[in-house]
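If you use the working numbering, the sequence shown closes out at 740, no skipped numbers anywhere. Below: the structure, in structure tokens.
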Amino acid sequence: NYRMLEEKSGIPFYEPVGCLIVNSDDVQDNNLEPPRELVRTLNIAHTLYEEGDSSWRKVFPDFDFPETHWIIHEPAPAGMIDPRAMLRAQNVIARQQGTVVIPEIVVHVEEDGHFVQIETRSGARYRARKVLVTVGSFTNCFNLFPHKLPLQSETEIFVLGRVSSTEADRLSGMPTISYFTEDAVIRDIYMAPPVRYADGNFYVKMGANTPTDYHPNNLAEIQDWFRHGKSDVHLGDFERVLRAIVPQVEFLSFQTKRCILTRTANKYPIIDQITDRSYVASGAHGSGAKSSDTMGRLAAGLLTDGRWLPGIPRDLFRVV
421 NYRMLEEKSG IPFYEPVGCL IVNSDDVQDN NLEPPRELVR TLNIAHTLYE
471 EGDSSWRKVF PDFDFPETHW IIHEPAPAGM IDPRAMLRAQ NVIARQQGTV
521 VIPEIVVHVE EDGHFVQIET RSGARYRARK VLVTVGSFTN CFNLFPHKLP
571 LQSETEIFVL GRVSSTEADR LSGMPTISYF TEDAVIRDIY MAPPVRYADG
621 NFYVKMGANT PTDYHPNNLA EIQDWFRHGK SDVHLGDFER VLRAIVPQVE
671 FLSFQTKRCI LTRTANKYPI IDQITDRSYV ASGAHGSGAK SSDTMGRLAA
721 GLLTDGRWLP GIPRDLFRVV
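In structure tokens, the structure reads:
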């Protein structure tokens with residue numbers, strides 16, 4: 421629904437540049453299902469380059485991957501989104517449909533008869549018939565439910581490699597990358613083509629799992645990660661791996677940034693009813709932005725009248 425959201429909001433956020441999935445049968449990954457089987461099962465258009473088949477280099481000359489890995493190229497509509505722009509688009513459409521957006525932090529939710537009492541950090545109080553909580557790693561940081569939900573926060577580091585506007589133009593059609601490496605430090609890589617950031621510069625973004633990722637348990641620990649986390653401890657490794665993936669790209673500088681994601685026991689998001697009047701949608705393992713429209717549709721149907729989209733197994737998304 422990306423194009424529909426763009427058209428209704430007037431805010432562009434989606435680039436159908438395609439995607440490369442790079443993996444080896446010898447590498448342990450975090451996929452729910454093997455990608456090669458998944459694209460066939462779902463009849464997704466793709467091109468598969470088996471191990472040792474280097475013909476992909478003619479199509480994607482800027483990349484360098486080991487011959488021990490197979491590669492799946494999924495063309496458009498696969499691609500990338502700008503999550504902040506997508507959120508702005510979603511809020512515009514929500515307001516168009518009569519939603520009142522209140523930019524406050526909710527710290528307490530409590531059921532009271534036929535209503536739910538909602539209190540914000542500023543002390544404001546609101547009342548609703550039902551609530552849907554969609555705050556990711558902050559779900560268990562406030563009194564939003566009678567008990568904590570089985571969600572685990574995990575720190576994530578990504579690097580921004582700055583390139584010139586000329587280089588960004590040259591790489592504008594670069595597909596996104598999902599790369600499962602055998603590197604000792606940088607694992608489970610995702611990478612996006614260069615885009616212009618708020619400072620006016622163009623950056624290639626690459627995120628990954630590292631040995632120093634950890635699990636913050638409360639709000640103070642999450643805040644400490646974002647304010648003081650030592651993301652630069654792996655800056656050299658991020659630069660090394662990024663340069664190895666795209667050796668022909670001329671980078672001007674590198675900087676690390678800090679992120680956080682939310683995991684569940686079965687690797688599926690929790691989209692479920694928690695109490696008589698409270699619901700949750702959380703735990704997308706880092707895929708919440710791109711999946712937010714569908715997750716929201718599932719949660720809204722459940723909250724409104726208990727309906728669920730056909731073809732999607734309901735039990736996979738229950739609280740475990």
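Glycine residues also receive a C-beta, built at the ideal position from the N, C-alpha and C atoms. Quick caveat: nothing in here was measured; it's all calculated off a predicted structure.
- Query: From the DSSP output, which residues share a beta bridge with His528?
  - Reply: Note: His528 sits in a beta bridge opposite Glu539, Asn563.
Practice prompt. Please go through the same chain and pick out, in chain order, the residues whose beta-carbon is closer than 7 Å to the beta-carbon of Arg460, but skip the five residues on each side of it.
Written response: Excluding positions up to five away in sequence, the list is empty.
Can you list, in chain order, the residues of its chain whose CB lies under 8 Å from that of Phe646, leaving out five sequence neighbours each side? The beta carbon of Phe646 sits closer than 8 Å to those of Arg678, Ile680, all from its chain and outside the five residues before and after it, given in chain order.
Review point. Does the region 585 to 592 come close enough to the region 558 to 576 that 3 or more CB-CB pairs lie under 8 Å?
Key: No contact exists between the region 558 to 576 and the region 585 to 592.
- Beta carbon of Val553, beta carbon of Leu564: below 7 Å? It is a contact, given that the beta carbons lie within the stated cut-off.
TODO: Specify the secondary structure class of Gly627 as computed by DSSP and reduced to three states.
DONE: In this structure, Gly627 counts as strand in the three-state DSSP scheme.
Check your understanding: Along the chain, where does the alpha helix (DSSP H) that runs through Gly716 open and close?
Key -> For Gly716, the enclosing alpha helix (DSSP H) starts and ends at 708 to 725.
(request) Locate the alpha helix (DSSP H) running through Trp476, then write down its first and last residues. (result) Segment 476 to 479, the alpha helix (DSSP H) holding Trp476.
Worksheet entry | Of the listed residues His567, Gly499, Gln643, nearest to Pro614 (C-alpha basis) | Of the listed residues, the one whose Cα sits closest to Pro614 is Gly499.
Subject >> Beta carbon of Ile741 nearer than 7 Å to that of Leu440 >> reply: Residue 741 lies beyond the residue range present for the chain, which begins at 421 and ends at 740; the question has no answer from this structure.
- Message: I need the straight-line Cα distance from Ala544 to Pro503, nearest angstrom please.
- Response: The straight-line gap from Cα to Cα measures roughly 29 Å.
Review point. Can you list, in chain order, the residues of its chain whose CB lies under 6 Å from that of Asn421, leaving out five sequence neighbours each side?
Key: If the five residues before and after Asn421 are omitted, its C-beta is found closer than 6 Å to the C-beta atoms of Asp713, all from its own chain and listed in chain order.
Self-check item: Candidates Leu507, Phe535, Ser542, of which the one nearest Asp696 by Cα
Solution: Of Leu507, Phe535, Ser542, the residue nearest in Cα terms is Phe535.
Q) Which residues mark the beginning and the end of the alpha helix (DSSP H) in which Asp657 is found? A) In this chain, the alpha helix (DSSP H) harbouring Asp657 covers 655 to 665.
Item to complete: Whole angstroms is fine: what's the gap from Ile691's alpha carbon to Phe483's?
Response: Answer to the nearest angstrom: the Cα atoms are 38 Å apart.
Take the Cβ of Pro595 as the centre, count every other Cβ of all protein chains shown within 10 Å, and call the residue buried at 16 or more, exposed below. Looking at its Cβ environment, which holds 16 or more other Cβ atoms inside 10 Å, Pro595 is buried.
- Query: For Phe737, which residues of its own chain have a beta-carbon under 8 Å away from its beta-carbon, when the five flanking residues on both sides are left out?
  - Reply: Contacts found: Tyr688, Pro689, Ile690, Ile691, Asp692, Leu718.
Next item on the list: With a threshold of 16 other CB atoms inside 10 Å of the CB of Val412, please say whether the residue is buried or exposed.
Entry: With the chain represented from 421 up to 740, any question about residue 412 goes unanswered, as that position is not in the structure.
Quiz item: Do you know how far the Cα of Tyr623 is from the Cα of Pro486?
Solution: One C-alpha to the other measures close to 24 Å.
### Task
Compare the beta carbon distance of Gln675 and Leu580 with 7 Å and say whether it is the shorter of the two.
Note that the C-beta distance between Gln675 and Leu580 is below 7 Å.
Check: Rounded C-beta distance between Ala509 and Ile431? I'm assuming under 8 Å.
Finding: Contact holds; Cβ gap of about 4 Å.
- Run of the alpha helix (DSSP H) containing Ala509, from where it starts to where it stops: Taken as a continuous stretch (DSSP letters only), the alpha helix (DSSP H) holding Ala509 covers 503 to 516.
Item checked: Alpha-carbon to alpha-carbon, Asp633 and His648 -> A direct Cα-Cα distance of roughly 14 Å separates His648 from Asp633.
Can a CB atom of chain C be found closer than 7 Å to the CB of Ala704?
The chain labelled as chain C is not found in the depicted structure, where only one protein chain is given.
* **Asn686 beta carbon less than 7 Å from that of Val653** => At least 7 Å separates the beta-carbon of Val653 from that of Asn686.
TODO: Go through the region 542 to 625 residue by residue and report every complete run of the alpha helix (DSSP H) that reaches 4 residues or more, in order.
DONE: Correct list: 585 to 590.
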